[in-house]
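Engineer:
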Amino acid sequence: MSELFKNLENKSILITGHVNPDGDALGAALSFKLILDELGFDSDVCFDINGKVPSSLDHLPLNLISQNPKDNYDKLIVFDCGNPQRLGELEILSDTASEVVVVDHHIDPSFGDVQIIDPTAASTTQVLYREITKQNYEISKNIANCLMTGLITDTGRFQYSNTDSEVFNIAAALMDAGADLTKISENIYGSISFNAMKLQSEIIKRIELFSDHSLVVSYVFQEDYKTYNIEESEVDFLIDSIRLVKESNIALLIKEQPDMSFKGSLRSRNDIDVQLIASIFGGGGHKAASGFSTNNDMKNIVNEVKKAIELQL
Ligand SMILES: [Mn+2]
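So the mapping is simple: our numbering equals the position in the sequence shown, first residue as 1, plus 1.
1) Which residue marks the beginning of the alpha helix (DSSP H) containing Leu254, and which one marks its end?
2) Restricting to Cα atoms, I'd like to know which of Glu235, Asn250, Thr126 is closest to Asn196.
3) Of the choices Leu277, Tyr161, Val306, whose alpha-carbon is the least far from that of His214?
4) Rounded to a whole number of angstroms, what is the C-alpha to C-alpha distance between Val79 and Phe211?
5) Any idea if Gln160 is buried or exposed, counting beta-carbon neighbours within 10 angstroms, 16 or more meaning buried?
6) Compare the C-beta of Asp23 against all C-beta atoms of chain B and say whether one is closer than 8 Å.
7) Less than 7 Å between the CB of Ser162 and some heavy atom of ligand 1, yes or no?
8) Residues around ligand 1, please: the ones whose beta-carbon is closer than 7 Å to some heavy atom of it, in chain order.
9) Hey, how far is the Cα of Ser95 from the Cα of Cys47?
10) Please classify Lys34: is it buried, with 16 or more other beta-carbons within 10 angstroms of its beta-carbon, or exposed?
11) CA-CA distance, Tyr226 and Lys135?
12) By Cβ distance, which residues of its chain are closer than 8 Å to Ala309, with the 5 residues on each side in sequence left out?
13) Am I right that Leu152 and Gln116 are in contact with their C-beta atoms under 8 Å? What's the rounded C-beta distance?
14) Confirm, please, whether the CB-CB distance from Gly83 to Pro110 is below 8 Å.
15) In whole angstroms, what is the alpha-carbon distance linking Gly157 and Ala178?
16) Using a Cβ distance threshold of 8 Å, determine whether the stretch 253 to 273 contacts the stretch 285 to 297, with at least three qualifying pairs required.
17) With distance defined between alpha-carbon atoms, name the residue in Gly283, Gly28, Ser166, Leu245 nearest to Arg87.
18) Quick one: is Glu112 buried, meaning 16 or more other Cβ sit within 10 Å of its Cβ, or exposed?
19) For Lys206, name the three-state secondary structure that DSSP assigns.
20) Distance check for Met149 and Lys76, CA to CA, integer angstroms please.
21) Whole beta strand (DSSP E) runs in the stretch 52 to 87 with 3 or more residues, listed along the chain?
22) Given Glu209, which residues of its chain have a CB within under 6 Å of its CB, disregarding the five upstream and five downstream residues?
23) How about Val101 and Asp114: do their beta carbons lie closer than 8 Å?
24) State the DSSP-derived secondary structure class of Leu245, mapped to helix, strand or coil.
25) In terms of alpha-carbon separation, which member of Ile144, Gly292, Lys288, Leu314 lies closest to Thr121?
26) Could you tell me which residues DSSP pairs with Ala290 in its beta bridges?
As structure tokens, this is what we get:
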């Protein structure tokens, strides 16, 4: 029996994942919520979310997310989250719970009484899928859509180097279970609002190429959200536009925050490990995709990233 399905009786259960959850964290948490509902176990799903979930993920059953978690839970089931700080405001609940189960594909998660972890897996939904099949649990169409969302987003539509034959086998099984690949892909990658498209052209105008480091950088400022009347949660796709530059291997998008600090998104398409680069700012993620927050200024961020690239050349 999968560890994930043990000790669920008579427990108050919180299902959660990293702050500002992406398609993988949401897909894993919501599919597991649907399973617990079907099995008749009570649970809450809650995340620390600044603002809104991006509309590119609104095909997921976001209505299952509760806004107000209880003060404490017996058990936390945490998806796609490498350390307790990444739970944001919910971190306290991982201290008070008597059991924390972590299901993840980040390298070496630093917490969890039970860890179901495979850093070689492409997505957390892939790790979760294996546990579900161990259980011989039949996957419904809704669950298949949630699991597929994590698979699509964390493999960049089955294109990143983490895409292996197991990923396609799981995707095929999810299609058999009714997952709507076309609808999910359209919502995630083919539905950019007009304003966001205009903002994209501005971000592309600002792009800089540092040839010596095969690095492209662009910037999003607070002012842009006003000018283009767009939510901050709607600009995550911009990193995918700038990373297309042929002369670059590393892409960096620097986003100004309301408190004048900055967030950085990093992508790599060669052996350079952007998790190592993000870690100099206290951030993290994966080898090919990572992020960080910092109070450093923009010039300093670019310089630090260049230095970190040099160390890996
Ligand atoms: Mn993930």
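Where is the CB? At the ideal position from N, CA and C, for every residue including glycine.
Structural biologist: The relevant details are as follows:
1) Looking at the DSSP string, Leu254 is not in any alpha helix (DSSP H); the run it does join, the beta strand (DSSP E), is 251 to 257.
2) Glu235
3) Val306
4) Approximately 39 Å between the Cα atoms of the pair.
5) exposed
6) Chain labels in this structure do not include chain B; a single protein chain is all it has.
7) no
8) Asp23, Asp25, Ala26, Asp81, His106, Ser124, Thr125, Gly151, Asp155
9) Here the alpha carbon of Ser95 sits roughly 13 Å from the alpha carbon of Cys47.
10) buried
11) 46 Å
12) Leu277, Ile278, Ile281
13) Wrong, their Cβ atoms sit about 21 Å apart, outside the cutoff.
14) The answer is yes: Cβ separation under 8 Å.
15) 22 Å
16) yes
17) Of Gly283, Gly28, Ser166, Leu245, the residue nearest in Cα terms is Gly283.
18) Per the sequence shown, the amino acid found at residue 112 is Phe instead of Glu. Phe112 is buried by the Cβ-count criterion.
19) If DSSP states are grouped into helix, strand and coil, Lys206 belongs with the helices.
20) 26 Å
21) Entirely contained in the stretch 52 to 87, the beta strand (DSSP E) runs reaching 3 residues are, in chain order, 76 to 80.
22) Val218
23) yes
24) Coil.
25) Lys288
26) Arg268
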